[in-house]
Amino acid sequence: MVYFDHAATSPISELALEAYVEVSRNHYGNPESTHAYGRDADHYLQKARTGILSLLGLEKTHDLVFTSGATEANNLAIGSVIDLYRKRGHEAICSPYEHPSVLVTLRRKEEEGAIKLLYPRDEKGAISPKDIEPLLSKETLLCVAMGVNNETGALTDVSGIAALLKSYPKCLYLMDFTQGMGKMRLALNEVPLITFSSHKFGGPKGVGGLIYRKNLVLRAVFGGGEQEKGLRPGTVDVASCYASYVALKEKYGRLDENAAKVERIRQYIIEELREESTQIHLNSPLNGSPYILNFSLTKKKAAVVAEALSGEGFYVGTVSACSSKNAKYSYVLKEMGLDLDEAANSLRLSFDSSNALEEAEAFLKAFKRIIKEVKDRG
Ligand code: PMP
């Protein structure tokens, strides 16, 4: 079995699983309880929070609210900024390549008349400061641009955008870091709102968070109790939060080594695919995240090829796991200027440091054969 779909989700790491079991079994108190068991659970919760912030170098400047993942965190960030900071302006700038948890939420706010959305245009797969600059005005209250695109691995110049926005202090920058956290080092101090999901870096599913600059006021999506400073009501899953910290720490211990390993795998596949240049069109930028490789099939149906690969134990992504059962084509690839046929027939290989070069060799062997066997889409 070869699993090349880590951008959809990764298995929980052994260390994170052990931490999860240990906290669930022995530190199961409710962190809101005032007795010793509550205090004990709270200790693990705070350790998870400060641990994650410290790994990112944000312990002095930022705070973290745990959520069910990046989807909820993006909703919390967008809802808070638009509902609480609207007096600052009524325009939001958003990269057209964002995850649906950003795009759908912002479009809903636009439909409600709360904001006007502006999309910087380019065909590179990631917006840059120079794409944003002409759209900025005293009306801009929010700018959203993800760190790493989940379909192509295209990288955003996060520091450049943060530097540009310094001249627009009323505008807050939300950076979805879901595909970069635990995979790359970024200077995040100047980014006021950062979101992540733990299952993308070896933590459990159903947990993630919003990291926010300390002076920001936020408002909970749900009504309820005072957990997480009132920002995320509901009993906190301390074991998952703590296991997230353990998983991230493990990744930070080998960040460069891991990146170098997956880059070798990615480069090897790119070179081998060049031989098939009439059959594929590379969608990932060569200088993008080493963890993601996306290409379109010029003649075959991607869903058929993916199914044939799956039948032989090779698991790769088509369109985006969040929507691939319904989506007919990738809006990200369409925005990048691909025609609908190419945008509907892409494959995404996404790696983890647990993958080996031999797996890439086995994959290529199967892929090259299958691509000959499958009939043209006509
Ligand atoms: N943002 C990005 C960039 C993602 O890749 C994902 C997951 N595909 C999400 C947000 C949402 O994460 P979750 O489904 O864990 O909430």
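Quick note: the sequence shown uses my numbering, first residue 4, plus one each step.
For glycine and all other residues, C-beta sits at the position ideal for the given N, C-alpha and C.
{"Check": "Relative to the ligand PMP, is the shortest distance from any of its heavy atoms to the C-beta of Asn77 smaller than 8 Å?", "Outcome": "yes"}
{"Check": "So what does DSSP say about Tyr271, is it helix, strand or coil?", "Outcome": "helix"}
{"Check": "Please state if the CB of Leu177 and the CB of Thr198 are separated by a distance shorter than 9 Å.", "Outcome": "yes"}
{"Check": "I'd like to know whether the C-beta atoms of Asn358 and Ile268 end up nearer to each other than 9 Å.", "Outcome": "yes"}
{"Check": "Quick one: is Gly316 buried, meaning 16 or more other Cβ sit within 10 Å of its Cβ, or exposed?", "Outcome": "exposed"}
{"Check": "Roughly how many angstroms separate the alpha carbons of Asp66 and Ile283, rounded to a whole number?", "Outcome": "44 Å"}
{"Check": "Quick one: complete alpha helix (DSSP H) runs, 4+ long, within the segment 14-72?", "Outcome": "17-29, 39-58"}
{"Check": "For Ala22 and Leu343, I'd like the C-alpha separation in whole angstroms.", "Outcome": "45 Å"}
{"Check": "For the beta strand (DSSP E) containing Gly320, name the first residue and the last one.", "Outcome": "317-321"}
{"Check": "Within 8 Å: the Cβ of Ser71 and any heavy atom of the ligand MG?", "Outcome": "Absent from the structure shown: the ligand MG. Ligands present: the ligand PMP."}
{"Check": "Indicate, with yes or no, if the ligand PMP has a heavy atom lying under 8 Å from the CB of Asn382.", "Outcome": "Lying before the first or after the last residue shown, residue 382 is absent from the chain, which here runs from 4 to 381."}
{"Check": "Any chance the CB of Leu74 is under 8 Å from a heavy atom of the ligand PMP?", "Outcome": "This sequence places Thr at residue 74; Leu is not what is there. Correct: Thr74 has its Cβ closer than 8 Å to the ligand PMP."}
{"Check": "Is Asp179 near the ligand PMP, in the sense that its beta carbon is under 8 Å from a heavy atom of that ligand?", "Outcome": "yes"}
{"Check": "Between Ala129, His102, Ile96, which has its C-alpha nearest Lys119's C-alpha?", "Outcome": "Ile96"}
{"Check": "Is Val397 near the ligand PMP, with its Cβ less than 8 Å from a heavy atom?", "Outcome": "Given that the chain is displayed from residue 4 to residue 381, the structure contains no residue 397 and the question cannot be resolved."}
{"Check": "Nearer than 8 Å: is that true of the beta carbon of Ala10 relative to any heavy atom of the ligand PMP?", "Outcome": "yes"}
{"Check": "Please list the terminal residues of the continuous alpha helix (DSSP H) segment that includes Asp179.", "Outcome": "No alpha helix (DSSP H) contains Asp179, which is instead part of the beta strand (DSSP E) from 175-179."}
{"Check": "Taking Cβ positions, are Gly212 and Ile55 nearer each other than 9 Å?", "Outcome": "yes"}
{"Check": "Can you tell me whether Lys119 is helix, strand or coil according to DSSP?", "Outcome": "strand"}
{"Check": "Below 8 Å, is the gap between the Cβ of Val220 and the nearest heavy atom of the ligand PMP?", "Outcome": "no"}
{"Check": "DSSP has Ile96 in a bridge; who is on the other side?", "Outcome": "Leu121, Cys146"}
{"Check": "First and last residue of the alpha helix (DSSP H) that includes Arg351?", "Outcome": "No alpha helix (DSSP H) holds Arg351; the beta strand (DSSP E) holding it covers 349-353."}
{"Check": "For Val105, which residues in the same chain have their Cβ closer than 8 Å to its Cβ, ignoring the five residues on either side in sequence?", "Outcome": "Asn77, Ile81, Cys97, Val147, Met149, Leu177, Asp179"}
{"Check": "Under 8 Å by Cβ, that's how I've got Lys331 and Asp379 pegged, so tell me the actual separation to the nearest angstrom.", "Outcome": "The Cβ separation is near 19 Å, so there is no contact."}
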